[in-house]
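Only one structure is covered here, and it is reproduced in the block below.
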Amino acid sequence: MLPTTNVPAALKSTAQFYERVKTVIPDVEWPVHAPYVAAINELKKRRNAVILAHNYQTPEIFHCVADITGDSLALARKAVETDADVIVVAGVHFMAETAKLLNPDKIVLIPDERAGCSLADSITAADIREMRRQYPNTPVVTYVNTSAEVKAESDICCTSGNAVEVVESLGVDQVIFLPDEYLANYVAQQTNVKIISWKGHCEVHERFTGAQLEQYRKDYDGLTIIAHPECPPDVLEASDFVGSTAQMQAFVQTEKPKRVLMVTECSMSDNVAADITDVEFIRPCNLCPHMKRITLANIYEALDTLAPRVEIDPAIAVDARKAVERMIAI
Ligand code: 13P
Ligand code: SF4
Numbered sequence: 009m010l011p012t013t014n015v016p017a018a019l020k021s022t023a024q025f026y027e028r029v030k031t032v033i034p035d036v037e038w039p040v041h042a043p044y045v046a047a048i049n050e051l052k053k054r055r056n057a058v059i060l061a062h063n064y065q066t067p068e069i070f071h072c073v074a075d076i077t078g079d080s081l082a083l084a085r086k087a088v089e090t091d092a093d094v095i096v097v098a099g100v101h102f103m104a105e106t107a108k109l110l111n112p113d114k115i116v117l118i119p120d121e122r123a124g125c126s127l128a129d130s131i132t133a134a135d136i137r138e139m140r141r142q143y144p145n146t147p148v149v150t151y152v153n154t155s156a157e158v159k160a161e162s163d164i165c166c167t168s169g170n171a172v173e174v175v176e177s178l179g180v181d182q183v184i185f186l187p188d189e190y191l192a193n194y195v196a197q198q199t200n201v202k203i204i205s206w207k208g209h210c211e212v213h214e215r216f217t218g219a220q221l222e223q224y225r226k227d228y229d230g231l232t233i234i235a236h237p238e239c240p241p242d243v244l245e246a247s248d249f250v251g252s253t254a255q256m257q258a259f260v261q262t263e264k265p266k267r268v269l270m271v272t273e274c275s276m277s278d279n280v281a282a283d284i285t286d287v288e289f290i291r292p293c294n295l296c297p298h299m300k301r302i303t304l305a306n307i308y309e310a311l312d313t314l315a316p317r318v319e320i321d322p323a324i325a326v327d328a329r330k331a332v333e334r335m336i337a338i
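Below, the structure written as structure tokens:
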């Protein structure tokens with residue numbers, strides 16, 4: 009519970025934040041967010057805390073309380089650099105685990121422990137051991153969208169932003185690449201290294217179809233389509249650019265297409281549109297229910313109570329950390 013809900017005072021002290029999001033948050037909604045934005049920014053200072061927010065967080069979190077924002081790779085890299093005592097992860101559980109692996113002595117909070125990921129749920133440590141038995145002497149590259157137990161069984165991690173680079177860094181002819189089948193297909197098209205994949209899918213990106221994109225092209229003249237590599241192959245084929253969430257954001261920033269359709273989670277377009285006002289965003293919009301579990305209210309609660317904390321069994325953490333650190337070192 010908030011200590012105070014003095015809305016007029018909160019509106020005044022958060023006016024500069026509303027300026028940043030006014031094109032994507034209606035003014036009737038702002039009085040609901042303002043008291044939380046004011047209280048969280050205050051509490052962060054007292055706790056010496058930072059908030060890491062993924063690109064799929066809603067604009068009032070992403071633009072108004074977060075200190076570090078970006079794709080999974082940026083969040084992992086920047087998590088190492090913070091000297092805060094407390095890290096709040098506004099994202100899903102595997103992102104909070106990665107932050108904890110890289111900051112074992114800090115308090116890492118995830119405002120809702122149920123914020124999971126269909127990719128992380130698609131594979132277990134036992135599955136990896138079985139794959140290793142089937143393909144001996146083949147290194148295992150694991151997408152960061154996995155549990156710490158799965159990372160601990162892997163040689164190296166990757167994200168959608170560096171997957172090809174990581175695979176090629178190993179200097180081998182074939183790798184086991186887990187768990188996202190569509191990202192694995194996409195990587196296989198960009199490299200000569202043989203990719204052995206798994207059947208994991210992102211429940212948000214697998215819902216987009218090539219037929220949908222064709223229809224959007226018919227409906228909107230001069231449309232540029234950019235997609236996340238977790239999408240099915242026909243979607244990627246129908247797109248003008250494929251990249252991680254940060255690479256999609258950078259594409260819009262530098263290319264300034266007249267009209268763009270970002271084939272990914274809904275909040276991504278809102279967050280980019282808040283900064284780039286001279287591009288028209290067409291929103292196909294599939295929500296990630298896990299990302300949406302994080303709210304201003306539970307971020308406040310987490311900072312106030314310093315719970316729920318992310319803890320990782322030290323026996324698992326040692327190997328999982330190695331796999332993440334090898335990726336960061338590339
Ligand atoms: P990025 O690393 O591209 O931000 O992707 C993370 C994710 O969960 C995509 O669904
Ligand atoms: Fe996982 Fe997909 Fe949600 Fe990303 S968008 S967290 S991959 S379920």
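Position one of the sequence shown corresponds to residue 9 (our numbering), numbered consecutively onward.
We put the CB at the ideal spot given by N, CA and C, even for glycine.
Bear in mind the structure is a predicted one, so any value in this text is a computation, not a measurement.
The alpha helix (DSSP H) enclosing residue i, as first and last residue numbers
i      : result
Thr313 : Leu304 to Thr313
Lys53  : Trp38 to Arg55
Leu191 : Glu189 to Gln198
Phe102 : His101 to Leu110
Coarse secondary structure for residue i, derived from DSSP in three states
i      : result
Leu117 : strand
Thr22  : coil
Met9   : coil
Arg317 : strand
Cys274 : helix
Ala328 : helix
Ala98  : strand
Val58  : strand
Val174 : helix
Glu222 : helix
Lys202 : strand
Leu231 : strand
Val260 : helix
Range covered by the beta strand (DSSP E) that runs through residue i
i      : result
Gln65  : Run containing Gln65: none; DSSP gives neither H nor E here.
Ala246 : Where Ala246 is concerned, there is no enclosing beta strand (DSSP E), given that its DSSP letter is neither H nor E.
Glu288 : Glu288 to Ile290
Phe216 : Here Phe216 belongs to no beta strand (DSSP E), and DSSP marks it neither H nor E.
Val183 : Gln182 to Leu186
Val148 : Val148 to Tyr151
Rounded C-alpha distance that separates residue i from residue j
i      : j      : result
Asp283 : Glu27  : 11 angstroms
Ala305 : Gln255 : 30 angstroms
Met276 : Asp227 : 22 angstroms
Phe102 : Glu319 : 12 angstroms
Lys202 : Tyr143 : 12 angstroms
Pro39  : Val180 : 56 angstroms
Worksheet entry | Cβ contact check for the segment 309 to 321 and the segment 73 to 80: 3 or more pairs under 8 angstroms | no
Worksheet item: Is the segment 156 to 176 touching the segment 127 to 142, taking contact as three or more C-beta pairs under 8 angstroms?
Response: yes
Discussion item. Under 8 angstroms: do the segment 232 to 252 and the segment 263 to 273 share three or more Cβ pairs, one atom per stretch?
Written reply: yes
Discussion item. If contact is defined by three or more beta carbon pairs under 8 angstroms, each pair taking one atom from either stretch, is the segment 246 to 256 in contact with the segment 35 to 51?
Written reply: no
Discussion item. I want to know whether the segment 212 to 225 touches the segment 176 to 186 - three or more CB-CB distances under 8 angstroms.
Written reply: no
Discussion item. With a threshold of 8 angstroms, are at least 3 pairs of Cβ atoms found where one atom belongs to the segment 285 to 300 and the other to the segment 45 to 52?
Written reply: no
Worksheet item: Does the segment 100 to 110 come close enough to the segment 79 to 88 that 3 or more CB-CB pairs lie under 8 angstroms?
Response: yes
Worksheet item: Between the segment 89 to 105 and the segment 286 to 294, do three or more beta carbon pairs fall short of 8 angstroms?
Response: no
Item to complete: Please determine if the segment 85 to 100 and the segment 171 to 178 are in contact, where contact requires at least 3 C-beta pairs separated by less than 8 angstroms.
Response: no
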